[in-house]
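Numbering (the working numbering), first residue to last: 224 to 719.
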């Protein structure tokens, strides 16, 4: 008896278009790099920017198909509204990170094609990671997004801190991946399937599956930089190239929360397996508190933003606490909105750090920013916007991001959690104000030649405008985004 393989046509690959554009584009960049290696002034950034733009076009072309669920190769790749929304966010973050990278690499003298190829490969891994409930695809996406970032973290080979960041992230990340794979193996042994949604529905109350899901959950939380899996974050963020740090703080975090949210789409089956909402409640409290307390003592801006990102992961977890406990789709809307706001204000803040640096040297200590508001009013104003938004002060995007998540949590009975979150948010104002005091109330400690910020200045300006636009008009910013949020709520999402 013979078995025929299923016929796969181009139409079957259409849902994979965003992934194929990014992954295939990365391979093309490697080929181009082999052909033009050593050619000075090659326009790597503009060429690479075409790839996330192409992926955005692919998402737009498939938009109407995402109101339902399209599965490619079984559940290996799922096209739906949620994956599309997170994928669009990641493409935006990648595009902005590419804009920062061009100016940054020119300053450090390390503009190479492999850098942009690795960045694009990582973005393709994020798209896969948030678009599947198949354990094997999840692991493949996790490794595809992680391995390039390990290399990029240590990209500045002559900088000991960059090498330390790359090695530390690689060792801890490899351990995290092994733990993730072990958790998946336990779930497979307990259920007999690698489809996570089907597995969770098969084995409610099974001790082996409970252990497997807890172990698997730790892999997601490592990428999200939550307590107690956060220890790598400040050293890696500080040592990695600043443009890479901006990408890690936004796209990689969106991947972690997007994939975790998709697992929680399995609905009551997760809650029957383990008390996931209660677990995330405590992790959220510890994450926001530890992140803010540690940030209070930092004098290095990148380390401060690293601990700040840990605290923001705690705020984002509140939305998942509510969603896993109640199934309220408004909680998911708050997470999507917050991820967008967080992406804009973080990439903008790291962009100011890049623009403030000189050729071959960055200025990363808070006193180094003394007088920036007067030396460069535009950069100073942009940093003011980002710090105010990160602190959650109205009428910025950061305020409304917290407001939507906090309001929904209170409406669902999580008042105690929100009291802790508000106190943490108030605490964070102190260390953000330290940067603003340096910008406008301290005299410069040295003369710095800014030069022309060029593309990085454009990225910073776009982020600053959008942070304010989102804040002033949260229901009408960026045509289509509110409709996307409503659409994600109403669309059919696998496992929900």
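Cβ atoms here follow ideal geometry from the backbone N, Cα and C, with glycine treated the same way.
A quick note: this is a predicted structure, and the numbers were derived from the prediction, not measured.
Counting other Cβ atoms within 10 Å of its Cβ, residue 252 reaches 16 or more and is therefore classed as buried. Only residues of its own chain outside the window of five on either side were considered, and among them 241, 244, 245 and 314 have a CB closer than 7 Å to the CB of residue 278, listed in chain order. When only Cα atoms are considered, residue 378 and residue 371 end up about 10 Å apart. DSSP lists 588 as the bridge partner or partners of residue 523. A straight line joining the alpha-carbon of residue 276 with that of residue 324 spans about 16 Å. Judged by DSSP secondary structure, residue 366 falls outside any beta strand (DSSP E) and instead within the alpha helix (DSSP H) spanning 358 to 376. Annotation for residue 561: the continuous alpha helix (DSSP H) segment containing it runs 552 to 579. Under the three-state reduction of DSSP output, residue 418 falls in the strand class. Listed in chain order, the non-local C-beta contacts of residue 500 below 6 Å within the same chain comprise 544, 547 and 548, local neighbours out to five positions each way being set aside. Taking 8 Å as the cut-off, the beta carbon of residue 511 is found closer than this to the beta carbon of residue 538. For residue 319, same chain residues with a beta-carbon under 6 Å away, outside a window of 5 residues either side, are 570 and 682 in chain order. Residue 388 is a Cβ neighbour of residue 463, given a cutoff of 8 Å. The shortest CA-to-CA distance from residue 264 to any of 445, 590 and 326 is the one to 326. When the five nearest sequence neighbours on each side are left out, the beta carbons in the same chain lying within less than 6 Å of the beta carbon of residue 596 are those of 603, 662 and 663, in order along the chain.
Taking residue 411 as the centre and dropping the five residues before and after it, the same chain places the C-beta of 417 closer than 6 Å to its C-beta, in chain order.
Contact check for residue 686 against residue 514 fails: the beta carbons are separated by 8 Å or more. Assigned with DSSP and collapsed to three states, residue 502 falls in helix. Taken through DSSP and simplified to helix, strand or coil, residue 642 comes out as helix.
Residue 486 and residue 660 have their C-alpha atoms roughly 43 Å apart. For residue 272, the closest alpha carbon among the candidates 626, 340 and 299 is that of 340. Cβ atoms of residue 684 and residue 577 stay farther apart than 8 Å, at about 13 Å. For the alpha helix (DSSP H) assignment, the uninterrupted runs of no fewer than 4 residues enclosed by the segment 601 to 670 are, from N- to C-terminal side, 620 to 634 and 638 to 664.
Under the three-state reduction of DSSP, residue 426 is assigned to coil, being neither helix nor strand. For the pair residue 439 and residue 407, the CB atoms are nearer than the 8 Å cut-off. The three-state reading of DSSP puts residue 329 in helix, counting H, G and I together.
The beta carbon of residue 587 lies closer than 6 Å to those of 523, 524 and 525 in the same chain, with the five residues before and after it left out. Counting only the Cα atoms, residue 615 lies some 9 Å from residue 649. Minimum Cα-Cα distance from residue 657 among the listed residues 590, 393 and 598 corresponds to 590. A distance below 7 Å between beta-carbons, with the five flanking residues on each side excluded, links residue 455 to the following residues of its chain, in chain order: 391, 392 and 395. In the DSSP assignment, residue 256 falls within the alpha helix (DSSP H) that extends over 240 to 259.
Here residue 653 is exposed. Its C-beta has fewer than 16 other C-beta atoms within 10 Å. Comparing C-alpha distances from residue 481 to each of 446, 667 and 532 shows the shortest one belongs to 446. Scanning its chain for C-beta atoms nearer than 8 Å, with the 5 sequence neighbours on each side dropped, one finds around residue 256 the residues 335, 336, 337 and 340, in chain order.
Residue 567 has its alpha-carbon roughly 10 Å from the corresponding atom of residue 691. Under the DSSP assignment, residue 345 falls in the alpha helix (DSSP H) whose first and last residues are 336 to 352. The beta carbon of residue 404 lies closer than 7 Å to those of 362 in the same chain, with the five residues before and after it left out.
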